[in-house]
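K.L.:
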């Protein structure tokens, strides 16, 4: 059943990436699109733990690096850290409570934007942080949280179904 989980997570990563690059690109507001890769990485991180968050973050980031990155591994590294740190909250995760996932996704998206600003702009001598924060980071976080309201329940239901299948499969062998 681990193969089923890997296949479904791979499909999730590909579908979210395609949606982010095509559908949400045409639904952009002032050039801002939601970051579905962060939603996916953070969600699986706090649902499944540090290891799975780290792995999913790596593959989401690697896909972003291959298609959009200037450096191979930049987004992969950032999303790996986001997935790992969200995995630290798996011990206090309750599926019926949406406040923790929403807060973690907002903090993850804000952190992602700030780290990207520091490493891509600030080190090049562009010191317009407040402008970048109000025009890019904050609108992206708000748009991401709105999309999270619709995408997170889907991720949660799929994860619950997979866990139920894994529990049934484990009981057959006991």
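Residue numbers (this note's numbering): 81 to 254.
Beta carbons are placed, not taken as given, at the ideal position from N, Cα and C, and that holds for glycine.
The structure presented is a predicted model; accordingly, all values stated were derived computationally and were not measured.
Would you call residue 250 buried or exposed, if buried means 16 or more other Cβ atoms sit within 10 Å of its Cβ?
P.N.:
Under this definition residue 250 is an exposed residue.
K.L.:
Distance, Cα to Cα, residue 87 vs residue 169?
P.N.:
Cα-Cα distance, rounded: 25 Å.
K.L.:
Between residue 173 and the rest of its own chain, which residues show a CB-CB distance below 7 Å, the 5 nearest in sequence each way excluded?
P.N.:
Excluding positions up to five away in sequence, the list reads 126, 127, 180.
K.L.:
Tell me whether residue 230 sits in a helix, a strand or coil according to DSSP, three-state version.
P.N.:
Helix, per DSSP.
K.L.:
State yes or no: is the C-beta of residue 195 within less than 8 Å of the C-beta of residue 114?
P.N.:
No, they are not a contact pair.
K.L.:
Please say whether residue 182 and residue 255 have beta carbons closer to each other than 8 Å?
P.N.:
Because the chain spans 81 through 254 in this model, residue 255 falls outside it and cannot be assessed.
K.L.:
Using 8 Å as the threshold, is the C-beta distance between residue 141 and residue 158 below it?
P.N.:
A contact, by the Cβ cut-off of 8 Å.
K.L.:
Taking the alpha carbon of residue 160 as the point to measure from, which residue in 94, 178, 139, 171 has its own alpha carbon closest?
P.N.:
Here the closest residue by C-alpha is 139.
K.L.:
For residue 178, collect the residues of the same chain with a Cβ closer than 8 Å to its Cβ; drop the 5 residues on either side in sequence, then sort them by chain order.
P.N.:
232.
K.L.:
Measure the Cβ-Cβ separation of residue 257 and residue 223 and say whether it is below 8 Å.
P.N.:
Lying before the first or after the last residue shown, residue 257 is absent from the chain, which here runs from 81 to 254.
K.L.:
Counting only the same chain and skipping the five closest in sequence on each side, list residues whose C-beta sits under 6 Å from that of residue 137.
P.N.:
Excluding residues within five positions, the ones whose Cβ falls inside 6 Å are 121, 159, 160, 162, 163.
K.L.:
Are the CB atoms of residue 156 and residue 189 within a distance shorter than 8 Å?
P.N.:
Against a cut-off of 8 Å, the Cβ pair of residue 156 and residue 189 comes out as no contact.
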